[in-house]
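Undergrad:
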Amino acid sequence: MKAMPAEHGDSDPDMVEHTLQGGFRLLRFPPALEEAYVLARGADRTVKLILAGLIGAVLFCAIMVPDHVVAPQHMALSVGLRGGVFGGVVLLGLFVLHRLSMPRLNEWMVVPLTVLAAVIAAIQTQVDGREMAFARIVEITLVVAFATVFTRFWPMLVACLLMLAVHVQTLLVSPASADVLKPGITLMLVTTIAFGLYTTYTRERSDRQAWLLDLREQKLRASVDAGNRQLRTMARTDALTGTANRRAFDDALAQHLSESPSRHLALLLVDVDHFKAYNDHYGHQAGDRCLCRVADVLSACLRRPIDLLARWGGEEFAILLSEADEAVARQVADRICATVQAQNMAHAASSCATCVTVSIGVALSPADQPQQALALLHAADQALYRAKHDGRNRYTVSTDLREANAQPC
122 MKAMPAEHGD SDPDMVEHTL QGGFRLLRFP PALEEAYVLA RGADRTVKLI
172 LAGLIGAVLF CAIMVPDHVV APQHMALSVG LRGGVFGGVV LLGLFVLHRL
222 SMPRLNEWMV VPLTVLAAVI AAIQTQVDGR EMAFARIVEI TLVVAFATVF
272 TRFWPMLVAC LLMLAVHVQT LLVSPASADV LKPGITLMLV TTIAFGLYTT
322 YTRERSDRQA WLLDLREQKL RASVDAGNRQ LRTMARTDAL TGTANRRAFD
372 DALAQHLSES PSRHLALLLV DVDHFKAYND HYGHQAGDRC LCRVADVLSA
422 CLRRPIDLLA RWGGEEFAIL LSEADEAVAR QVADRICATV QAQNMAHAAS
472 SCATCVTVSI GVALSPADQP QQALALLHAA DQALYRAKHD GRNRYTVSTD
522 LREANAQPC
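Take any residue in the sequence shown, count from 1 to its spot, add 121: that is its number in the working numbering.
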């Protein structure tokens with residue numbers, strides 16, 4: 122049997138709330154919500170209907186035992202109707218129900234089966250013809266009681282009306298000698314139908330309301346989770362440039378050094394040259410645009426998703442290159458210097474170029490000499506200081522194995 126998905130994702134939270142507030146006395150939701158409800162309950166309802174059908178067929182066929190006691194002369198008819206007709210129709214219906222997996226149709230398959238059971242009871246009552254045989258029409262009441270256990274309200278209402286029609290027709294053709302039994306049996310059937318309809322209505326209404334409440338809770342939980350994720354992202358993201366912030370960078374560096382201390386790691390500290398002068402000359406809004414553009418360039422210059430770009434503070438950016446040796450670090454640093462300068466962002470207040478440039482300090486953590494975070498940061502900061510001291514618009518590499526050496530861009 123095909124499993125029906127719980128289609129909750131497309132339901133409008135406002136529609137759910139409106140339905141809860143307005144109620145659903147006719148046991149119907151707005152179309153989109155109704156479709157979601159039917160699909161969400163489909164698989165479970167199909168299993169229950171199949172089990173109910175099998176149990177009902179067994180119980181209905183078991184009535185052949187009292188049939189043999191009351192009217193042994195009609196036993197062949199009883200076997201044919203109960204076992205052959207009803208049992209065969211039930212098995213065919215359950216096969217169709219199992220194969221189609223159509224929740225809306227499945228619910229209404231109860232109607233023909235219950236009416237068939239009522240018709241078979243009426244036929245056997247009329248064939249017998251005796252006064253006391255009319256009492257056997259009480260089977261319709263038993264069918265109503267059994268259907269109440271698992272049927273939804275609207276199919277139950279239709280089935281009850283049809284079974285009541287079968288009962289009335291049986292009253293009309295029954296012998297006058299059975300008149301004494303008719304009021305009591307009819308009252309029993311009507312009472313059972315009333316309680317059955319009330320039970321199915323309240324049960325389905327409760328089930329629908331519970332589903333709506335659960336759906337609302339899921340939506341609220343999803344909203345809260347999304348809000349929490351957004352807060353976590355904001356807490357680790359620089360609001361201006363959209364890059365990682367210093368907290369995220371510190372965590373990533375510490376995690377890398379603790380989990381993979383024996384792997385190559387390159388740290389680049391990037392500083393926008395004479396950025397204070399740029400702000401003073403062009404204004405802070407232009408300065409913000411400049412930082413965002415530089416951040417975009419830096420991001421484009423990274424090699425892989427595992428590399429991390431973060432705003433270190435002010436006009437400084439930090440880059441972590443995982444599993445990168447000195448050659449790779451130099452390539453990235455050189456590419457950054459060249460690409461930033463190629464943007465040709467005018468910088469009239471710069472003393473090292475006519476456009477915006479950057480200085481970069483590079484520190485390496487070789488595989489055979491793992492370092493602590495503070496030591497690596499200090500080395501990169503010292504390399505950046507050397508690059509700025511040597512004229513800016515260049516990068517300087519500092520490692521534990523050699524003295525810092527500056528390379529102009």
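Backbone N, C-alpha and C define an ideal beta-carbon position, used for all residues, glycine too.
Computed from a prediction, not measured in an experiment: that's the story for all the values here.
#1: Grouping DSSP H, G and I as helix and E and B as strand, with all else coil, what is isoleucine 314?
#2: DSSP on histidine 510, reduced to helix/strand/coil?
#3: Give me, in chain order, the residues of the same chain whose beta-carbon lies closer than 8 Å to that of leucine 92; leave out the 5 immediate sequence neighbours on both sides.
#4: Let me know if asparagine 349 comes out buried or exposed under the rule of 16 or more other beta-carbons within 10 Å of its beta-carbon.
#5: On the DSSP bridge assignment, give the partners of leucine 390 in chain order.
#6: If we count Cβ pairs, one from each stretch, closer than 8 Å, do we get three or more for the segment 295 to 307 versus the segment 263 to 272?
#7: Who pairs with glycine 434 in a beta bridge, going by DSSP?
#8: Rounded to a whole number of angstroms, what is the C-alpha to C-alpha distance between histidine 402 and alanine 469?
#9: Where do the ends of the alpha helix (DSSP H) carrying threonine 358 lie?
#10: Cutting at 8 Å between CB atoms, please list the residues of its own chain near valine 453, excluding the five before and the five after it.
#11: Give the secondary structure of alanine 127 by DSSP, where H, G and I count as helix, E and B as strand, and everything else as coil.
#12: If you reduce the DSSP assignment to three classes, tell me which class arginine 368 lands in.
#13: Starting from threonine 517, trace the beta strand (DSSP E) both ways and give me its first and last residue.
#14: Is glutamine 245 buried or exposed, if buried means 16 or more other CB atoms sit within 10 Å of its CB?
#15: Going by other Cβ atoms of all chains shown within 10 Å of its Cβ, with 16 needed for buried, is threonine 362 buried or exposed?
#16: Specify, as a first and last residue, the run of the alpha helix (DSSP H) that arginine 456 falls within.
#17: Roughly how many angstroms separate the alpha carbons of methionine 466 and threonine 478, rounded to a whole number?
#18: Just list the alpha helix (DSSP H) runs in the segment 240 to 311, keeping only unbroken ones of 4 residues or longer that don't cross its boundaries, in chain order.
#19: Going by C-alpha to C-alpha distance, which of Val415, Leu234, Leu374 sits closest to valine 461?
#20: Can you tell me which of Asp455, Phe145, Thr235, Gly317 puts its alpha carbon nearest to the alpha carbon of glycine 177?
#21: Whose CA, out of Val483, Glu338, Asn366, lies closest to the CA of aspartate 135?
#22: Would you call the segment 191 to 200 in contact with the segment 141 to 158, where contact means no fewer than 3 C-beta pairs closer than 8 Å?
#23: Do you know offhand how far threonine 475's Cα is from glycine 434's?
#24: For alanine 238, which of Ala356, Gly201, Phe274, Leu221 has the nearest alpha-carbon?
#25: Taking glycine 143 as the reference, which of Ala407, Ile481, Gln330 has the closest Cα?
#26: So, are the CB atoms of proline 233 and arginine 166 less than 8 Å apart?
#27: Among Ile171, Trp229, Thr291, Arg384, whose alpha-carbon lies nearest the alpha-carbon of phenylalanine 255?
#28: Does DSSP put alanine 375 in a helix, in a strand, or in coil?
#29: Does DSSP put leucine 180 in a helix, a strand or coil?
#30: What's the C-alpha gap between glutamate 447 and serine 519?
#31: DSSP three-state label for cysteine 93, please.
#32: Just curious, the alpha helix (DSSP H) that methionine 185 is in, first and last residue?
#33: Compare the beta carbon distance of cysteine 458 and aspartate 394 with 8 Å and say whether it is the shorter of the two.
TA: This is what the structure gives:
#1: helix
#2: helix
#3: Only positions 122 to 530 of the chain appear in this structure, which leaves residue 92 out of reach.
#4: exposed
#5: Ala439, Gly482
#6: no
#7: Glu437
#8: 8 Å
#9: Per DSSP, threonine 358 belongs to no alpha helix (DSSP H) and is neither H nor E.
#10: Ala387, Leu389, Cys422, Leu423, Arg424, Ile440, Leu442, Ala445
#11: Residue confidence is low: alanine 127 scores 43 on pLDDT, short of 50, so the model does not pin down where it sits. No coordinate-derived value is stated.
#12: helix
#13: 515 to 519
#14: buried
#15: buried
#16: 447 to 463
#17: 9 Å
#18: 260 to 269, 274 to 294
#19: Val415
#20: Thr235
#21: Glu338
#22: no
#23: 24 Å
#24: Gly201
#25: Gln330
#26: no
#27: Thr291
#28: helix
#29: helix
#30: 10 Å
#31: Outside the shown range of the chain, which is 122 to 530, sits residue 93, and nothing can be said about it.
#32: 185 to 191
#33: no
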